[in-house]
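Working notes for the structure below.
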Amino acid sequence: MIPGAAKREMGVLRLQAWLLAGWVALVLSASLYPFDWDWGRLAEGIRGGFPQLREWIPPSRRDTIVNLLLYVPCGLLGALALDPAAHALKRFLWPILGAAALSLGIEVAQHALPPRDPSLADWVLNALSATSGTLLAFAYRALPRRALLPSTRSGESAASPALGILAALWIAAHLAPFVPRLRPGRISAAFADSLALDLVPSRVVAWLACYLVLAAAVRAVAGWRDFWSGLLVITVASLGLRLLFVGQRLSPDEVAGALLALPLVALLGLGRARWNPTKLFLTVCAAMLLSGLIPVSGPAPGDTSWLPFAQLAGGAADPGALPLMERLFLGIGLAWLAWTSRTTPLPPLGIALLVTLVAEFLQQWVPGRLPDTSDLAALLIGAALVQAAPPPRLRP
Numbered sequence: 000m001i002p003g004a005a006k007r008e009m010g011v012l013r014l015q016a017w018l019l020a021g022w023v024a025l026v027l028s029a030s031l032y033p034f035d036w037d038w039g040r041l042a043e044g045i046r047g048g049f050p051q052l053r054e055w056i057p058p059s060r061r062d063t064i065v066n067l068l069l070y071v072p073c074g075l076l077g078a079l080a081l082d083p084a085a086h087a088l089k090r091f092l093w094p095i096l097g098a099a100a101l102s103l104g105i106e107v108a109q110h111a112l113p114p115r116d117p118s119l120a121d122w123v124l125n126a127l128s129a130t131s132g133t134l135l136a137f138a139y140r141a142l143p144r145r146a147l148l149p150s151t152r153s154g155e156s157a158a159s160p161a162l163g164i165l166a167a168l169w170i171a172a173h174l175a176p177f178v179p180r181l182r183p184g185r186i187s188a189a190f191a192d193s194l195a196l197d198l199v200p201s202r203v204v205a206w207l208a209c210y211l212v213l214a215a216a217v218r219a220v221a222g223w224r225d226f227w228s229g230l231l232v233i234t235v236a237s238l239g240l241r242l243l244f245v246g247q248r249l250s251p252d253e254v255a256g257a258l259l260a261l262p263l264v265a266l267l268g269l270g271r272a273r274w275n276p277t278k279l280f281l282t283v284c285a286a287m288l289l290s291g292l293i294p295v296s297g298p299a300p301g302d303t304s305w306l307p308f309a310q311l312a313g314g315a316a317d318p319g320a321l322p323l324m325e326r327l328f329l330g331i332g333l334a335w336l337a338w339t340s341r342t343t344p345l346p347p348l349g350i351a352l353l354v355t356l357v358a359e360f361l362q363q364w365v366p367g368r369l370p371d372t373s374d375l376a377a378l379l380i381g382a383a384l385v386q387a388a389p390p391p392r393l394r395p
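Positions 0 to 395 (numbering that gives the first Met the number 0) are the ones given, in order, by the sequence shown.
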């Protein structure tokens with residue numbers, strides 16, 4: 000039998016690997032945005048032997064800062080995700096080589112993107128960035144630290160692939176396409192645009208459910224002693240980062256949902272040593288059901304029949320629902336909460352499926368709503384993810 004400490008370490012390594020995968024996805028999104036491919040341009044670069052990658056062009060101050068920061072998590076998480084028992088040279092070189100290969104592949108692919116300029120300087124800066132992240136990982140492992148994830152009496156940790164996916168989705172939802180606004184005027188304009196948005200009650204309740212899921216994830220990772228400090232920092236950072244990245248807006252719905260979630264989190268006792276995951280799970284289910292049944296002002300959609308994966312396929316979206324990335328976060332988070340809940344008269348995952356199906360079915364008669372199966376798809380994806388690890392029995 001594997002000792003409890005070894006189980007916790009394996010859980011942490013698994014979580015760090017999923018976080019690394021999520022960060023790599025963000026790097027790809029940021030580096031290949033706006034995805035306007037011109038394959039003839041790439042063919043021309045291949046025939047010319049990639050002249051831009053053979054010439055050193057001094058980058059701007061902005062590009063230097065971005066490239067020196069972007070790959071730090073790749074080196075950090077890459078080194079931490081490797082088996083600590085492996086040879087130190089391997090744990091040092093593999094993350095750097097992997098990040099350098101990723102950066103080189105992106106620079107080559109950027110030949111097919113007219114708005115992008117491949118650069119040898121970018122590749123060198125990215126490699127240095129990954130190196131600094133790897134050094135940070137070695138420094139972190141050399142320092143005394145306590146376990147990242149709380150464990151149960153049986154020695155199991157709360158680590159799950161779903162937690163890593165939730166972290167990646169949350170970051171992507173608030174930062175994608177990961178292109179920063181560096182001019183104060185653009186940040187002010189984004190703030191003004193955000194203030195002009197209308198408050199949609201159905202989205203307020205949906206955001207309330209999202210922040211309850213976020214609170215449960217923070218509780219699983221940080222434990223109860225560091226819970227409130229971690230949750231407040233992440234909440235403030237999440238709202239603020241909406242204004243600092245291109246394509247993002249800080250909606251009043253999210254602000255209201257976050258403010259409503261904080262007192263509810265306190266009532267549910269997530270900041271105490273003992274808490275009841277089932278109460279939180281049922282609260283999120285109730286919030287999802289309510290958010291799906293609140294009418295939306297404006298003309299009702301012409302077609303109120305079920306549209307399988309409508310939003311995932313680029314079709315008409317429910318005007319009262321969250322954007323796709325946030326809907327995935329909520330669906331996967333609900334499946335993870337169901338997996339962590341105590342036994343109820345009905346299976347928790349069955350309750351979550353029932354709530355989702357009922358909400359989508361009743362939307363056929365709710366003014367302004369458009370039923371589709373995107374929420375159900377997200378829940379099923381989450382159910383598949385939590386099956387990839389032993390069920391994390393969180394401390395009550």
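We treat Cβ as the ideally placed atom computed from N, Cα and C, and that holds for glycine. Values in this document were obtained by computation on a predicted structure and should not be read as measured data.
Subject >> Backbone secondary structure at F49 - three-state DSSP >> reply: coil
Subject >> Run of the alpha helix (DSSP H) containing N275, from where it starts to where it stops >> reply: Run containing N275: none; DSSP gives neither H nor E here.
**OP:** Measure the C-alpha to C-alpha separation of T303 and I293 and round it to an integer number of angstroms.
**Re:** Only weak support is given to the placement of T303: the predicted model assigns it a pLDDT of 45, under 50, and the value that follows is read from those uncertain coordinates. Those two C-alpha atoms are separated by around 15 Å.
Original post:
Do S373 and the ligand COA come close, with the Cβ less than 8 Å from some heavy atom?
Top reply: Absent from the structure shown: the ligand COA. Ligands present: none.
**OP:** Confirm, please, whether the CB-CB distance from A382 to L329 is below 9 Å.
**Re:** no
Subject >> Within 9 Å, strictly: CB atoms of L263 and T277 >> reply: no
Original post:
For F244, which beta-bridge partners are listed by DSSP?
Top reply: The partner list for F244 (beta bridge, DSSP) reads P179.
Original post:
Taking the Cβ atom as the reference point for each residue, do R224 and L321 lie within a distance shorter than 9 Å?
Top reply: no
Original post:
In terms of residues, what are the limits of the alpha helix (DSSP H) holding L135?
Top reply: L119 to A141
**OP:** Would you mind reading off the limits of the alpha helix (DSSP H) that contains E253?
**Re:** Judged by DSSP secondary structure, E253 falls within the alpha helix (DSSP H) whose first and last residues are P251 to L267.
Subject >> Per-residue burial, W338 [other beta carbons within 10 Å of its own, 16 or more giving buried] >> reply: buried
**OP:** Have a look at R248 and A29 and give me their C-alpha separation to the nearest angstrom.
**Re:** 17 Å
Original post:
By DSSP, does L148 sit in helix, in strand, or in coil?
Top reply: Legend: pLDDT at L148 = 43, less than 50; position of this residue unreliable, no value from coordinates given.
Original post:
Taking DSSP as the reference, what is the three-state secondary structure of D371?
Top reply: strand
Original post:
Can you round the beta-carbon distance between R53 and H110 to whole angstroms, since I take them to be within the 8 Å contact cut?
Top reply: Rounded, the Cβ-Cβ distance is 13 Å, inconsistent with contact.
Subject >> Where the alpha helix (DSSP H) through W223 begins and ends >> reply: Element bounds for W223: n/a, residue is neither H nor E.
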